[in-house]
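What follows is a short report on a single structure.
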């Protein structure tokens with residue numbers, strides 16, 4: 019891994035919200051990130067299922083990592099999430115975010131959250147970022 | 019407040035995720051809910067701003083309360099969130115969810131998260147639920 | 019109406035797609051537009067209802083007018099449409115697009131399509147534009 | 019092709035809106051459809067680019083075909099479209115809709131519109147349907 023990639027990964031790993039939640043980075047490469055999360059009782063909603071906010075947040079953590087993986091500051095603009103399957107405490111969730119395309123200052127991503135035990139799709143999102151002129155991981159070509 | 023409304027509010031107030039996050043219910047009535055949240059350092063992302071997952075989750079908590087406010091079990095199907103303005107630790111966020119329309123088993127909601135100090139819009143969502151046949155708060159008309 | 023507003027309205031009224039469809043501009047002011055459309059047999063889908071593409075297009079025509087109403091070139095980035103109610107041939111549809119907020123190069127809009135005869139909501143969208151540096155109607159302040 | 023599949027395809031091919039627009043069905047199989055469209059001057063917006071409504075409609079035609087390809091009546095509930103690249107008169111657009119998953123009465127689809135000449139992505143959507151109890155092409159298992 020290059021020095022630049024090491025810097026980028028260190029920056030992404032220092033995410034306070036991801037660490038407070040207990041999300042664990044499994045894979046990070048340009049345009050792609052995968053995280054896992056063990057669902058606990060504190061992550062449930064009043065119907066006893068995993069809270070939609072937790073499912074979204076895990077996907078959003080992967081999305082932020084994938085979209086910032088080039089070292090350029092990318093901020094979320096729009097996320098459309100469809101919830102497919104409910105899960106419960108004890109579930110192992112996996113979130114994957116993949117770059118679909120970059121066009122000018124924008125980037126489009128596909129996010130999938132699945133249940134590792136059953137292999138079933140839990141939620142899927144289509145999401146866009148706006149890429150700022152700032153770089154946090156050393157500018158491309160430096 | 020009727021016995022049924024008291025039961026519904028007690029059910030909604032027992033949301034483990036909302037309580038773990040520190041979201042506070044301010045107002046609940048049929049088709050509408052408002053919550054507040056004080057943003058802490060643990061809720062930030064790796065750019066030092068409030069994590070998109072936290073903003074979404076606060077809105078989702080209000081959405082769940084508004085859409086379940088009739089006592090009928092409603093589950094989120096789709097949420098489209100647009101992020102408008104970044105906020106930082108110390109911000110006081112307010113989330114409001116309002117019913118736009120109910121049509122058959124579906125319900126459509128508008129969600130707004132604002133910064134209480136500046137009055138500025140932080141994020142806005144359009145969201146849908148599927149209303150199940152089950153009731154948790156005493157069936158309408160009972 | 020100022021000369022600038024007259025230029026803007028003339029530009030918007032020359033939309034080939036809106037004119038080919040038969041959409042009629044009813045009201046245009048900064049940040050807002052309203053159009054009507056009479057649904058014909060050629061606008062139906064294979065289930066005999068108004069095609070989702072027609073409902074979307076009418077809303078999109080109003081959205082384009084509202085978001086370009088300042089004279090600055092605005093291009094659609096994302097539109098999230100929820101279909102609420104089916105309509106049939108002979109229906110009179112009304113589309114309204116309203117500016118929710120402008121933030122930097124972005125703009126957020128609310129779009130509603132209703133059935134003029136019943137007053138019912140047919141579809142509702144949340145939509146964003148990217149505002150370019152180019153102006154087609156004379157720059158603001160000129 | 020079975021008798022049932024022939025009936026389904028005939029039903030889908032009789033779409034008045036798709037035929038009025040000039041969209042051409044290229045491929046149809048369970049859970050998948052592909053259509054093409056030649057962009058004409060009447061399909062442009064007031065900036066001289068292909069109208070967003072036309073891009074959406076082509077994708078929606080493919081989505082309707084893919085989601086109704088099993089013979090069960092499916093109606094669109096929500097479509098989130100992200101516009102990636104503008105095109106002009108003379109462009110050959112291709113729309114593909116693919117089933118991501120079916121869960122209970124719901125179905126989730128991925129829609130891509132591309133420019134056949136450049137191979138570039140023009141728009142991408144995530145879309146859901148509600149599947150009714152009615153069948154138009156002979157019930158599964160009959």
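Protein chains in written order, with my numbering: chain A, 19 to 160; chain B, 19 to 160; chain C, 19 to 160; chain D, 19 to 160.
Even glycine gets a Cβ: it sits at the ideal position worked out from N, Cα and C.
* Does the segment 106-114 of chain D come close enough to the segment 102-111 of chain B to have 3 or more Cβ pairs within less than 8 Å? -> no
* For a contact meaning CB atoms closer than 8 Å, what does residue 146(B) contact in chain D? -> Stepping through the second chain from its first residue, residue 146(B) is reached at position 128. Here the neighbours are 95 and 96.
* Counting only runs that start and end within the segment 29-68 of chain C, where is the alpha helix (DSSP H) found for 4 or more residues in a row? -> 34-39
* Alpha-carbon spacing of residue 20(A) relative to residue 30(A), whole angstroms -> Within the first chain, numbered from 1, the residue matching residue 20(A) stands at position 2. Within the first chain, numbered from 1, the residue matching residue 30(A) stands at position 12. Approximately 15 Å, taken between the alpha carbons.
* **Contact set between residue 119(C) and chain B, taken where Cβ atoms lie within less than 7 Å** => Position 101 of the third chain, counted from the first residue, corresponds to residue 119(C). Per Cβ cutoff of 7 Å: 102 and 139.
* Asked: Going by the beta-carbon positions, is the gap between residue 38(A) and residue 77(A) smaller than 9 Å?
  -> As a first step, residue 38(A) must be located in the first chain, where it is residue number 20. As a first step, residue 77(A) must be located in the first chain, where it is residue number 59. No, Cβ-Cβ distance for residue 38(A) and residue 77(A) is not below 9 Å.
* Going by alpha carbons, who is nearest to residue 33(C) out of 41(D), 67(D) and 44(D)? -> Counted from its first residue, the third chain places residue 33(C) at position 15. It is 67(D).
* **Boundaries of the alpha helix (DSSP H) in which residue 112(A) is found, first to last residue** => Start at 1 with the first residue of the first chain, and residue 112(A) comes out as number 94. Element bounds for residue 112(A): not the alpha helix (DSSP H) but the beta strand (DSSP E), 110-121.
* Asked: With distances taken from CA atoms, which of 83(A), 102(A), 135(A) and 57(A) is nearest residue 125(A)?
  -> Counting from one through the first chain, the residue named residue 125(A) turns up at place 107. Checking every option, the nearest Cα to that of residue 125(A) belongs to 83(A).
* Rounded separation between residue 140(A) and residue 113(A) - CA only -> Along the first chain, read from residue 1 onward, the residue named residue 140(A) stands at position 122. Along the first chain, read from residue 1 onward, the residue named residue 113(A) stands at position 95. Taking the straight line joining both Cα atoms gives about 10 Å.
* Asked: Taking the Cβ atom as the reference point for each residue, do residue 91(A) and residue 65(B) lie within a distance shorter than 9 Å?
  -> Within the first chain, numbered from 1, the residue matching residue 91(A) stands at position 73. Within the second chain, numbered from 1, the residue matching residue 65(B) stands at position 47. Between residue 91(A) and residue 65(B), the C-beta gap is smaller than 9 Å, which places the two residues in contact.
* Asked: What three-state label does DSSP hand residue 125(A) in the structure shown?
  -> Along the first chain, read from residue 1 onward, the residue named residue 125(A) stands at position 107. DSSP places residue 125(A) in strand when its eight states are reduced to three.
* To do: Report buried or exposed for residue 97(B), applying the criterion of at least 16 other Cβ atoms within 10 angstroms of its Cβ.
  => In the second chain, counting from the first residue as 1, residue 97(B) sits at position 79. Residue 97(B) is buried by the Cβ-count criterion.
* How far does the alpha helix (DSSP H) with residue 104(D) in it reach, from first residue to last? -> Residue 104(D) sits at position 86 when you count from the first residue of the fourth chain. Segment: none, residue 104(D) is in no alpha helix (DSSP H) and carries neither H nor E.
* Would you say residue 99(C) faces chain D, with C-beta separation under 9 Å as the test? -> Looking up residue 99(C) in the third chain gives position 81. Answer yes: the Cβ-Cβ gap between residue 99(C) and chain D drops below 9 Å somewhere.
* Cross-strand partners of residue 96(B) (DSSP beta bridge) -> Here residue 96(B) is taken as the residue at index 78 of the second chain, counted from 1. Bridge partners of residue 96(B): 100(A) and 146(B).
* **For residue 19(C), the three-state DSSP class (helix, strand or coil)** => Here residue 19(C) is taken as the residue at index 1 of the third chain, counted from 1. If DSSP states are grouped into helix, strand and coil, residue 19(C) belongs with coil.
* Please find out if some non-hydrogen atom of the ligand FMN comes closer than 8 Å to the beta-carbon of residue 30(B). => Inclusion of the ligand FMN in the displayed structure is not the case, the ligand content being empty and no account of it being possible.
* Report the rounded CA-to-CA distance for residue 117(C) versus residue 72(B), giving the unit in angstroms. => Taking the third chain and counting its residues from 1, one reaches residue 117(C) at position 99. Taking the second chain and counting its residues from 1, one reaches residue 72(B) at position 54. Each residue's alpha carbon lies about 26 Å from the other.
* Any chain C beta carbon closer than 9 Å to residue 133(D) -> Here the question's residue 133(D) lines up with position 115 in the fourth chain. Residue 133(D) does not count as touching chain C.
* Asked: Short check: CB of residue 94(D) to CB of residue 101(C), under 9 Å?
  -> Residue 94(D) sits at position 76 when you count from the first residue of the fourth chain. Residue 101(C) sits at position 83 when you count from the first residue of the third chain. In this structure, residue 101(C) lies closer than 9 Å to residue 94(D) by Cβ.
* Among all the DSSP beta bridges, which residues are the ones paired with residue 141(C)? -> For the purposes of this step, residue 141(C) is taken as residue 123 along the third chain, with counting starting at 1. In the DSSP assignment, the residues bridged to residue 141(C) are 101(C) and 131(C).
* Quick one: is residue 44(C) buried, meaning 16 or more other Cβ sit within 10 Å of its Cβ, or exposed? -> Start at 1 with the first residue of the third chain, and residue 44(C) comes out as number 26. By the neighbour-count rule (16 or more Cβ atoms within 10 Å), residue 44(C) is not buried but exposed.
* **Whole-Å CB distance - residue 142(D) paired with residue 144(A), under 8 Å assumed** => By one-based count along the fourth chain, residue 142(D) stands at place 124. By one-based count along the first chain, residue 144(A) stands at place 126. Right, their Cβ atoms sit about 7 Å apart.
* Asked: What are the partner residues of residue 90(B), as DSSP defines its beta bridges?
  -> Translated into the one-based positions of the second chain, residue 90(B) becomes position 72. Paired residues: 153(B).
* **chain D contact residues for residue 78(C), given Cβ-Cβ distances below 8 Å** => The residue labelled residue 78(C) in the question sits at position 60 within the third chain. What residue 78(C) touches in chain D: 69, 70, 71 and 74.
* Asked: Hey, residue 164(C) and residue 35(C): beta-carbon distance below 9 Å or not?
  -> Past the edges of chain C, shown from 19 to 160, lies residue 164(C), and the structure says nothing about it.
* To do: Check the Cβ of residue 111(C) against every Cβ in chain B and list those closer than 9 Å, keeping chain order.
  => What you label residue 111(C) is simply residue 93 of the third chain in a count that begins at 1. What residue 111(C) touches in chain B: nothing, since even the nearest Cβ is about 16 Å away.
* At least one CB of chain C closer than 9 Å to the CB of residue 64(A): is that the case? -> Here the question's residue 64(A) lines up with position 46 in the first chain. So, not an interface residue.
* Asked: In chain C, which residues lie less than 9 Å from residue 142(B) when you measure between Cβ atoms?
  -> Taking the first residue of the second chain as position 1, residue 142(B) is located at position 124. Residues of chain C passing the Cβ test: 118, 119, 126, 128 and 144.
* Asked: Of the choices 42(C), 88(C), 155(C) and 154(C), whose alpha-carbon is the least far from that of residue 75(C)?
  -> To locate residue 75(C), count along the third chain from 1; it is residue 57. Here the closest residue by C-alpha is 42(C).
* Exposure label - residue 152(A); buried when at least 16 CB within 10 Å -> Your numbering for residue 152(A) matches position 134 in the first chain. Around the beta carbon of residue 152(A), fewer than 16 other beta carbons sit within 10 angstroms, so the residue counts as exposed.
* **Under the three-state DSSP convention, the category residue 136(B) falls into** => Mapped onto the second chain, residue 136(B) falls at position 118. If DSSP states are grouped into helix, strand and coil, residue 136(B) belongs with coil.
* Asked: Exposed or buried, which one is residue 122(D) when buried takes at least 16 other CB atoms within 10 Å?
  -> Here residue 122(D) is taken as the residue at index 104 of the fourth chain, counted from 1. That one is exposed.
* Asked: By how many angstroms is the C-alpha of residue 86(A) removed from the C-alpha of residue 47(A)?
  -> Sequence index remark: in the first chain, residue 47(A) carries index 29 (1-based). Sequence index remark: in the first chain, residue 86(A) carries index 68 (1-based). If I take the Cα positions, the gap works out to 10 Å.
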